[in-house]
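In this note's numbering, the protein residues as written are 874 to 942.
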């Protein structure tokens, strides 16, 4: 299975400090859900600020991963 490297931005609701996390995932939605499912929610301490793929030399950064069973 091919995965791409994504950057998911979050912001601490209390301090306003922003963070960018690097996440390996199949697509943008999967990358965002890996983070949002763990950190966000109605009473979560963080706010999602965006997700997008990362590039090197105008190509998506990718890796091969064995499929999970």
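Glycine is no exception: its CB is placed at the ideal position from the N, C-alpha and C atoms.
The model shown is predicted, which means the values in this text are computed figures rather than measured ones.
Handout entry: Which of helix, strand or coil DSSP assigns to residue 888
Key = Residue 888 sits at position 15 when you count from the first residue of the chain shown. In the structure shown, residue 888 sits in coil (DSSP, three-state: anything other than H, G, I, E or B).
Exercise for the section: Take the Cβ of residue 875 as the centre, count every other Cβ of all protein chains shown within 10 Å, and call the residue buried at 16 or more, exposed below. Expected result: As a first step, residue 875 is located in the chain shown; it is residue number 2 there, counting from the start. Under this definition residue 875 is an exposed residue.
Problem - DSSP state of residue 912 mapped onto helix, strand, coil - result: Counting from 1 along the chain shown, the entry for residue 912 is found at position 39. Residue 912: helix per DSSP, three-state reduction.
Practice task
Could you check which residue in 937, 882, 886 has the C-alpha nearest to that of residue 893?
Solution key: Start at 1 with the first residue of the chain shown, and residue 893 comes out as number 20. With distances taken between Cα atoms, residue 893 lies closest to 882.
Handout entry: Cα-Cα separation between residue 887 and residue 909, rounded to whole angstroms
Key = Taking the chain shown and counting its residues from 1, one reaches residue 887 at position 14. Taking the chain shown and counting its residues from 1, one reaches residue 909 at position 36. Their Cα atoms are separated by approximately 17 angstroms.
Exercise for the section: Measure the C-alpha to C-alpha separation of residue 927 and residue 934 and round it to an integer number of angstroms. Expected result: Position 54 of the chain shown holds residue 927. Position 61 of the chain shown holds residue 934. For residue 927 and residue 934, the distance between alpha carbons rounds to 6 angstroms.
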